[in-house]
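The opening residue of the sequence shown carries number 1444 in the working numbering; numbering runs sequentially from there. All residues carry an ideal CB built from backbone N, CA and C; glycine is no exception. Input: a single structure, listed below in structure tokens.
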Amino acid sequence: MKELLAYFLFVFTSVFTIVNPIGTMPVYAAFTESVDRRQAIRVARTAVLVAFAAMVLFALTGKLVFNFFNISVDGLRVVGGVLFFITGYDMLQGKNSRIKKVTHAEAALIDEFAITPLAIPMICGPGTITVVIVQIQEAHSIIHKSILFGTFALVSLATFIILISSKRLLALMGSSGSKVFFRLMGLILMMIAVEYFFKGLTPYVHKLLKI
1444 MKELLAYFLF VFTSVFTIVN PIGTMPVYAA FTESVDRRQA IRVARTAVLV AFAAMVLFAL
1504 TGKLVFNFFN ISVDGLRVVG GVLFFITGYD MLQGKNSRIK KVTHAEAALI DEFAITPLAI
1564 PMICGPGTIT VVIVQIQEAH SIIHKSILFG TFALVSLATF IILISSKRLL ALMGSSGSKV
1624 FFRLMGLILM MIAVEYFFKG LTPYVHKLLK I
């Protein structure tokens, strides 16, 4: 039971941190600033459902991708670790490459933004896809796979709630509060990155040293 709980906490933290709904909040708020509450909720719902479907798709087809391109899980862990570390470092420095100004012309196409770029690649980007593919390869039992897919659903639900509450949360947290939380998420992501990197690097070191 403790092992399953530890697995859930690690997977949830990994997926939630790389999805980073807190970092997506300002973008979503800007996209939906000129629309009513109902349409804003619809945009969030569409974005989250598309992102969730993408996670499930990559989880189910991840093995085929690995076999087709002859990619090892360890190689993906190393690359993912580097990617997560860079992203986490940028977050720790207070940088958010996701945030951009939205013009009035773009606001008219807000429904399209629910799919791109809000769902993909903001919610389900390269980092999320990497986590999904790596974790599905490590989920050897039905229980672990169930926990993993349940985590996708839970993170998606949490993301939806955070997005539709973005204006209130941003007002409640204030500028300083959101910056502190954003940097904290970056630090956590960097720690996860180190874990991924060395876990993927270890087998290569063993092969080189013939251990």
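Comparing alpha-carbon positions, the option among Ile1465, Val1637 and Phe1451 lying closest to Val1623 turns out to be Ile1465.
Here Ser1457 is buried: its Cβ has 16 or more other Cβ atoms, across all protein chains shown, within 10 Å. Here Ile1586 is exposed, its C-beta having fewer than 16 other C-beta atoms within 10 Å. Between the alpha carbons of Leu1535 and Leu1627 lies a gap of roughly 7 Å. For the 7 Å CB-CB criterion, Phe1528 and Met1633 form a contact. With 16 or more other CB atoms across the displayed protein chains lying within 10 angstroms of its CB, Ser1609 is buried. Looking only at Met1444, Phe1625 and Val1454, the smallest Cα-Cα distance to Ala1582 is reached by Val1454. DSSP, reduced to helix, strand and coil, places Lys1653 outside both helices and strands of the structure shown, so it counts as coil. Secondary structure of Glu1638 (DSSP, three-state): helix. Proximity to Leu1597 across Pro1469, Gln1482 and Phe1495 peaks at Phe1495, based on C-alpha coordinates.
With contacts defined by Cβ atoms closer than 7 Å, Tyr1647 and Arg1520 do not form a contacting pair. With respect to the 7 Å criterion, Thr1467 and Met1565 are classified as neighbours on the basis of their beta carbons. Beyond the five residues adjoining it in sequence on each side, Phe1451 comes within less than 7 Å, by CB distance, of Ile1590 and Thr1594 in the same chain, given in chain order.
Counting only runs that start and end inside the stretch 1475 to 1522, the alpha helix (DSSP H) elements of at least 4 residues fall at 1480 to 1512.
Boundaries of the alpha helix (DSSP H) harbouring Pro1569: Pro1569 to Glu1581, taken from the DSSP string. Under the DSSP assignment, Ala1601 falls in the alpha helix (DSSP H) whose first and last residues are Ile1585 to Ile1607.
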